[in-house]
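Note sheet for the following structure.
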Amino acid sequence: MPDSTNLASTHGKHFYGRRKGHTLSPRQNAMLDTLLPKLAVTIPDAPDAPIDIDALFARKDAPLWLEIGFGKGEHIATQAKWNPEVNLIGCEPFINGVVGLLYIIADEKQENIRIYPDDARDVLEHLPDASVERTFLLHPDPWPKTKHEKRRFVSQENLASLARVMKDGAELRIGTDHSNYARWTMLQLDRSPFFQWNATSADQWRIRPDDWPETRYQQKALKDGVSSVYLSFNRVSR
Ligand SMILES: C[S@@+](CC[C@H](N)C(=O)[O-])C[C@H]1O[C@@H](n2cnc3c(N)ncnc32)[C@H](O)[C@@H]1O
0 MPDSTNLAST
10 HGKHFYGRRK
20 GHTLSPRQNA
30 MLDTLLPKLA
40 VTIPDAPDAP
50 IDIDALFARK
60 DAPLWLEIGF
70 GKGEHIATQA
80 KWNPEVNLIG
90 CEPFINGVVG
100 LLYIIADEKQ
110 ENIRIYPDDA
120 RDVLEHLPDA
130 SVERTFLLHP
140 DPWPKTKHEK
150 RRFVSQENLA
160 SLARVMKDGA
170 ELRIGTDHSN
180 YARWTMLQLD
190 RSPFFQWNAT
200 SADQWRIRPD
210 DWPETRYQQK
220 ALKDGVSSVY
230 LSFNRVSR
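Going left to right, the sequence shown walks through residues 0 to 237 as numbering that gives the first Met the number 0 numbers them.
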């Protein structure tokens with residue numbers, strides 16, 4: 000659970016989470032200084048200006064996938080490897096996690112990932128309309144106390160932002176190992192006019208699909224005997 004809260008993000012929003020863990024080694028700092036600038040997504044200054052997706056990636060006109068809160072990057076890196084024809088943007092304000100992903104990208108020479116090392120809501124504000132074909136939100140911070148529920152990423156406001164940037168029919172995947180957060184997610188998605196749940200059987204949300212790589216938090220939960228749910232929604236047609 001995050002231990003430092005209520006810090007303003009680069010773009011003025013309040014981010015309730017942890018930006019730093021243990022002190023970075025000189026090698027990790029060097030990785031941040033050299034590789035991150037080549038892969039970083041820059042947010043345009045003008046409030047309505049869109050991120051130039053074509054300028055970001057070598058492969059133009061490829062499908063764009065988005066991961067919100069990639070942690071140490073295992074899931075986004077695996078998706079990038081399995082789907083070399085796709086461009087991916089990962090957002091993560093926890094700098095130790097960003098370094099983790101940079102190491103994977105450097106080791107595996109991956110070319111289809113770009114990183115926004117801050118609050119995903121900044122990216123959602125500036126992505127072009129209907130530009131994203133799949134979004135991953137995996138094990139978001141659960142903020143279990145009722146008084147903190149406004150901090151949960153799954154909210155009507157964020158769902159509306161996601162709906163704007165996602166194409167008709169695009170998939171929104173949400174995984175969690177917290178039963179309360181799973182219930183919260185279902186309630187919020189049920190209230191949202193923009194998404195529909197596409198499960199037709201219990202197995203579809205109880206069993207991890209083959210193309211849904213395990214994440215660190217999912218594995219942690221499994222070690223504690225807690226299983227996760229695998230929720231998949233589609234952006235309804237405009
Ligand atoms: C519980 S961790 C899960 C990490 C990873 N998805 C996994 O399943 O192993 C939640 C992550 O979401 C990140 N996060 C929280 N709020 C965020 C936001 N507004 N934008 C992007 N990432 C966020 C946190 O920094 C944290 O790394």
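From the three backbone atoms N, C-alpha and C, an ideal C-beta is built for every residue, glycine too.
Please read these numbers as outputs of a predicted model, since none were measured by experiment.
Query: Over what stretch of residues does the beta strand (DSSP E) that includes E124 continue unbroken?; Result: Run containing E124: none in the beta strand (DSSP E); it sits in the alpha helix (DSSP H), 119-125.
Query: Enumerate in chain order the residues of its own chain whose CB-to-CB distance from Q109 is below 8 Å, with the five nearest sequence positions on each side excluded.; Result: A76, A79, K80, I103
Query: Once the 5 residues before and after A105 are set aside, which same chain residues still bring their CB inside 8 Å of it?; Result: M30, L34
Query: D2 by DSSP, collapsed to three states: which one?; Result: Note on D2: pLDDT 39, under 50, position unreliable in the model; the coordinate value appears next. D2 falls in the coil class under three-state DSSP.
Query: In whole angstroms, what is the alpha-carbon distance linking A39 and E132?; Result: 20 Å
Query: With DSSP collapsed to three states, give me the class of F14.; Result: strand
Query: Give me the Cα-Cα distance between D32 and F56, rounded to the nearest whole angstrom.; Result: 20 Å
Query: Flag G96 as yes when its Cβ comes closer than 8 Å to any non-hydrogen atom of ligand 3, and as no otherwise.; Result: Ligand 3 is not among the ligands present in this structure, which contains only ligand 1.
Query: At a cut-off of 8 Å, would you count Q217 as near ligand 1, judging by its Cβ distance to the nearest heavy atom?; Result: yes
Query: Output the distance between the C-alpha atoms of P1 and L230, rounded to the nearest integer angstrom.; Result: Low per-residue confidence applies at P1: pLDDT is 41, beneath 50, and the placement is therefore not dependable enough to give any value.
Query: Could you tell me which residues DSSP pairs with L136 in its beta bridges?; Result: I67, I173
Query: Please go through the same chain and pick out, in chain order, the residues whose beta-carbon is closer than 8 Å to the beta-carbon of S226, but skip the five residues on each side of it.; Result: D176, R205, A220
Query: If you check the beta carbons only, do L136 and I112 fall under 9 Å apart?; Result: no
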